[in-house]
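Enquirer: Below is a structure I'd like to ask you about.
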Amino acid sequence: MSEITLGILGGGQLGSMLSIAAKKLNIKTIILCDDQNAPAQNFCDEFINAKYNDKSKIYEFATKVDFITYEFENIPFETLNELNKLKTVSPKPSVNRLIQHRLAEKDFINKLNIRTTRYVHIENKDELLPLEDFLPGILKTTTMGYDGKGQYPINNIKEIDSLDIDFRKEYILEKLIKLKKEISIIITRFSNNKYEIYEPIENTHQEQILIKSKIPADINEKIFNQSKEWAIQIAEELKYIGTMCVEFFVDRNDNLYVNEIAPRVHNSGHLTINAYNISQFENHVRAVCSLEKITIKKISNAEMINIIGDQIIPYRENAQLSDKQFFFDYLKTEIKEKRKMGHLTTLK
Ligand code: ADP
Ligand code: MG
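Under our numbering, the first residue of the sequence shown is numbered 7, with each subsequent residue one higher.
Dropping the structure here:
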C-alpha cells in the first residue's frame, strides 16, 4: 500500500488531534503554520513555519503532500485556491470563503429556508442608529472572529458612542435571542449522501468561550431531529468533504436557529475521541484522504470540559484521573488568560 501524506494548514490543538488521528491510520502529516511555537509540531511528522502567503513555502508544502486540509477557517482564500491547483484541498476553498464571511454565511443558510437569528449588514455608524428593533443585539465583525473576539454586545442606541467600535471593519448586527441552550452537530461528509453524523452535543459558554460539552444533549425529539436534518442539508448543499460543525441556538420557546458553521473539526466534538469508535478527527482524515467510510457507533455518554488559562497548572502538576477520564494537554508554551490550554473528557 502506498503511503499517504496529509498536509494541514494551522498548527493549534486541532492540528495536533488531526495528526494523532492520521498516525493511527498510518498517514503522515506535514503542518504549515505561521506560529513558530505551534503546539501541533509535537504531533506531526514534519513542521513548516511560514506565513500563509509565503508563496515559496506554500509551494514546497504542496509538493510534499498528497492531500491538503486546514484546521482553522481564517486562511487566505488566495492561498487555498493556489494550493487547490496543485493538490486537492478539502473542504474546498469556495466553501471556506463563504463560511469565513458571517454575512455570506447567514444569507446562504437563510436561502435554504433554515432559521437564523435576525441580522443586518452594518458598514458605518449611521446605519446603526435606526436599528432599535435589533436591540439588544450583538455587533459582530463579518470576518476573522472567534471565541467572541470582534464582538460588541449593544443594549441600547445610547451605548454606541462609548463602545469605541472600529468602523474600518464591516459588521453584522444580530438580534440577541433568549437562549435556553446551545447545541452543535458534527457531521463528516464523504460524497453525495454519504456521511456520518454524531448525535447533538449540548454546549455551555462563558463569556462567549465554550467551557463544557456533553452528550446526550437535554433536548426534545423535534430539536434532536431538526438539528440533524439541517446539518445534513447544509453539508449536502455545500458538497462538503470532511468534518464540519453546525452550532445552534435553542430559545426559551424551543425554537431552533443555526448560529454558525465551522468548516473544520470543532471543540465541541473533542468528546468523540473517547465516546465513539471513530472520532471527528479520524473521520475528517478519512474523508479528505478518500479513505473508506466506517459507520460510527457511540461507546459511552460523555462530558468534556475545556481547561482555560492557568487552570492547566494543577492538571499538569498532579492530574489524578479515573479510568473514565481522559486529559489532553495541548502543550502550549505560554499560558494566557482565556486561552484554551487543554481539555478533560469524562465518560459517563
Ligand atoms: P464566535 O465566532 O466567536 O464563536 P458566535 O457567533 O458563535 O461567535 O458567538 C459566540 C457566543 O456568543 C455564542 O456561542 C452564544 O453563546 C453568544 N451569542 C452570539 N450571538 C448571539 C445571539 N444572537 N443571541 C444570543 N447569544 C448569542
Ligand atoms: Mg461560535
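Just so you know, even glycine gets a beta-carbon here, dropped at the ideal spot from N, CA and C.
May I ask you to verify whether the region 306-318 touches the region 339-352, counting CB pairs closer than 8 Å and requiring at least 3?
Expert: yes
Enquirer: Residue range of the alpha helix (DSSP H) that F49 falls in?
Expert: Segment: none, F49 is in no alpha helix (DSSP H) and carries neither H nor E.
Enquirer: If we count Cβ pairs, one from each stretch, closer than 8 Å, do we get three or more for the region 208-219 versus the region 268-284?
Expert: Judged by Cβ distances under 8 Å, the region 208-219 makes contact with the region 268-284, as three or more pairs qualify.
Enquirer: Quick check on this structure: which residue in Y282, S296, E84, C295 has the alpha carbon closest to the alpha carbon of K304?
Expert: Y282
Enquirer: What does the shell around the ligand MG hold, if a residue joins when its beta-carbon is under 7 Å from any heavy atom?
Expert: The answer, residue by residue, is E253, N265, E266.
Enquirer: So is S190 buried or exposed if we call it buried at 16+ other beta carbons inside 10 Å?
Expert: buried
Enquirer: Evaluate Y125 with the Cβ neighbour count: other Cβ atoms within 10 Å of its Cβ, from every protein chain shown; 16 or more gives buried, anything less gives exposed.
Expert: buried
Enquirer: When burial is assigned at 16 or more other CB atoms within 10 Å of the CB, is L102 buried or exposed?
Expert: Per the sequence shown, the amino acid found at residue 102 is Asn instead of Leu. N102 is buried by the Cβ-count criterion.
Enquirer: Identify the residues that DSSP records as bridge partners of F332: which are they?
Expert: T351
Enquirer: Would you grab the beta carbon distance between R258 and K181 for me? Rounded to a whole angstrom, and I think it's under 8 Å.
Expert: 14 Å between Cβ atoms; not a contact.
Enquirer: Label A27 either buried or exposed according to how many other C-beta atoms from any shown protein chain fall within 10 Å of its C-beta, with 16 as the threshold for buried.
Expert: buried
Enquirer: Looking only at its own chain, which residues have a Cβ that is under 6 Å from the Cβ of P142, when we skip the five neighbours before and after it?
Expert: N161, L182
Enquirer: Ends of the alpha helix (DSSP H) at T85?
Expert: 83-92
Enquirer: Can you grab the Cα-Cα spacing for the pair A68 / I163, in whole Å?
Expert: 50 Å
Enquirer: Quick check: T35 and S25, are their CB atoms within less than 8 Å of each other?
Expert: yes
Enquirer: Could you tell me whether the region 78-95 touches the region 227-238, where touching means 3 or more Cβ pairs closer than 8 Å?
Expert: no
Enquirer: Could you pull out every residue in the same chain whose Cβ sits closer than 7 Å to the Cβ of K175, ignoring the five residues on either side in sequence?
Expert: T147
Enquirer: How is the alpha helix (DSSP H) around Y321 delimited, first residue to last?
Expert: 318-324
Enquirer: Between the Cα of N198 and those of S168, E205, K344, Y246, spot the shortest distance and give me the residue it belongs to.
Expert: Y246
Enquirer: Go through its chain and collect everything with a Cβ distance to T210's Cβ below 6 Å, but skip five positions before and after it.
Expert: I217, K218
Enquirer: On the criterion of 16 or more Cβ atoms from any shown chain inside 10 Å, does M150 qualify as buried, or is it exposed?
Expert: exposed
Enquirer: Round the Cβ separation of G18 and I74 to the nearest angstrom and send it over; I've been treating them as touching at under 8 Å.
Expert: Wrong, their Cβ atoms sit about 17 Å apart, outside the cutoff.
Enquirer: Let me check one thing: in DSSP terms, what residues is P142 bridge-paired to?
Expert: According to DSSP, P142 bridges with nothing at all.
Enquirer: Can you look up V101 in the DSSP assignment and give me helix, strand or coil?
Expert: helix
Enquirer: Closer than 6 Å by C-beta to N43: which residues in its own chain qualify, once you throw out the five before and the five after it? Chain order, please.
Expert: T339
Enquirer: Is T123 close to the ligand ADP? I mean its beta-carbon at under 7 Å from any heavy atom of the ligand.
Expert: At least one heavy atom of the ligand ADP is nearer than 7 Å to the Cβ of T123, so yes.
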